[in-house]
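Chemist:
Numbering (my numbering), first residue to last: 148 to 449.
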């Protein structure tokens, strides 16, 4: 992915990258970084230490909900990939606040990339738009993401040259991703909206997202938001119908909007009730990412 000039090669290899929230995407990003960088990962689960070491990642035990455990992060790495989710309650992301406070204590951070969500836009009625669209979070979960984005931007502005950028991420999928294999949903028979009520959704393959994260650490612009999505332009029902047909599975039942409200949980409905189509020009032009899987058809074909 990278092609550093020979004179800079040694410095590049010595770079440390800290991944905060090193789940599936973080591990994929670490695999890309490891040939060139020393990769560290913050985890609150001591039982994950062995797994991280097996991936060539140095585990650091700390908890974003316990600021005192984060003191060692200050000055540890010049590049930070922040993929940790906010708390499950409230309108503020206290975890991001605690992380930024720890990082600000000493040492210089060159770049910080925050993995946010496209849910910050709320329902756009199926409109197609770029990153200049104002956010309109419709749930407390999305509001916490907006709060985190604001904190990251403000921290970057007063961080003495820190390039703090934001990736807004839609649905992440991959056949080898736990919880991200769309066949699982089809097998469960989870209902979808009827065509007249269906919504547009956006997607990104986990491997392409990992590549976007790594590129943003070096190419992300200060305070910049980038849509980390592929080129797919499909309604949700059409997406899962394609998955069912492609893998020889029964199609899921379709419900009207009124019927869906009655049987779905509030969280399920929040995902089913928002429709938007994201443009990804910045991803391609600024981060210069060439998508390996530009469509879900390519990403789901073994």
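Virtual Cβ for every residue (Gly too), placed ideally from N, Cα, C.
Please read these numbers as outputs of a predicted model, since none were measured by experiment.
Going by CA-CA distance only, name the one from 265, 252, 177, 290 that's closest to residue 302.
Modeler: The candidate whose alpha carbon is nearest that of residue 302 is 252.
Chemist: According to DSSP, what are the bridge partners of residue 424?
Modeler: Beta-bridge pairing links residue 424 to 275.
Chemist: Quick check: the Cα distance between residue 178 and residue 358, rounded to an integer number of angstroms?
Modeler: Their backbone Cα atoms lie some 10 Å apart in a straight line.
Chemist: For residue 287, count neighbouring Cβ atoms within 10 angstroms of its own Cβ and tell me buried if that reaches 16, exposed if not.
Modeler: That one is exposed.
Chemist: Would the segment 209-223 and the segment 388-398 be scored as touching if the rule is three or more Cβ pairs under 8 Å?
Modeler: Output reads no: the segment 388-398 does not touch the segment 209-223.
Chemist: If you reduce the DSSP assignment to three classes, tell me which class residue 262 lands in.
Modeler: Correct three-state label for residue 262: strand.
Chemist: Assess contact between the segment 353-367 and the segment 401-409, defined as three or more Cβ pairs (one per stretch) separated by less than 8 Å. Is contact present?
Modeler: At 8 Å Cβ cutoff, the stretches do not touch.
Chemist: Can you tell me whether residue 350 is buried or exposed, with buried defined as 16 or more other CB within 10 angstroms of its CB?
Modeler: That one is buried.
Chemist: Under 8 Å, with one C-beta from each stretch per pair, do the segment 222-231 and the segment 270-280 reach the 3-pair mark?
Modeler: Because the criterion of three Cβ pairs below 8 Å is not met, the segment 222-231 and the segment 270-280 do not touch.
Chemist: Could you please give me the residues that DSSP links to residue 163 through a beta bridge?
Modeler: Residue 163 pairs with 185.
Chemist: Once DSSP output is grouped into helix, strand and coil, what is the label at residue 384?
Modeler: The answer is helix: DSSP assigns residue 384 an H, G or I state.
Chemist: Using 10 angstroms around the beta-carbon of residue 448, count the other beta-carbons present and answer buried if the total reaches 16, otherwise exposed.
Modeler: So residue 448 counts as exposed.
Chemist: Nearest-angstrom Cα distance between residue 418 and residue 266?
Modeler: Approximately 9 Å, taken between the alpha carbons.
Chemist: Would you kindly work out how many angstroms separate the C-alpha atoms of residue 189 and residue 263, rounded to a whole number?
Modeler: Roughly 18 Å separates the two Cα atoms.
Chemist: Report the three-state DSSP secondary structure of residue 235 (helix, strand or coil).
Modeler: Residue 235 falls in the coil class under three-state DSSP.
Chemist: I need the straight-line Cα distance from residue 342 to residue 272, nearest angstrom please.
Modeler: In a straight line, the C-alpha of residue 342 is about 14 Å away from that of residue 272.
Chemist: On a CA-only basis, which of 308, 425, 403 is nearest residue 270? Give me that one, please.
Modeler: The candidate whose alpha carbon is nearest that of residue 270 is 425.
Chemist: Buried or exposed: which applies to residue 345, given that a residue is buried once 16 or more other Cβ atoms fall within 10 Å of its Cβ?
Modeler: With 16 or more Cβ atoms within 10 Å of its Cβ, residue 345 is classed as buried.
Chemist: Quick one, which of 289, 173, 318, 203 has its alpha-carbon nearest residue 260's?
Modeler: Taking only the C-alpha atoms, the option nearest residue 260 is 173.
Chemist: Confirm, please, whether the CB-CB distance from residue 423 to residue 347 is below 8 Å.
Modeler: Yes, the pair counts as a contact, with Cβ atoms nearer than the cut-off.
Chemist: For residue 338, does the three-state DSSP call read helix, strand or coil?
Modeler: Here residue 338 sits in coil by DSSP.
Chemist: Within a Cβ cutoff of 6 Å, which residues of the same chain sit near residue 185, ignoring the five residues on either side of it in sequence?
Modeler: Closer than 6 Å at Cβ, skipping near neighbours: 163.
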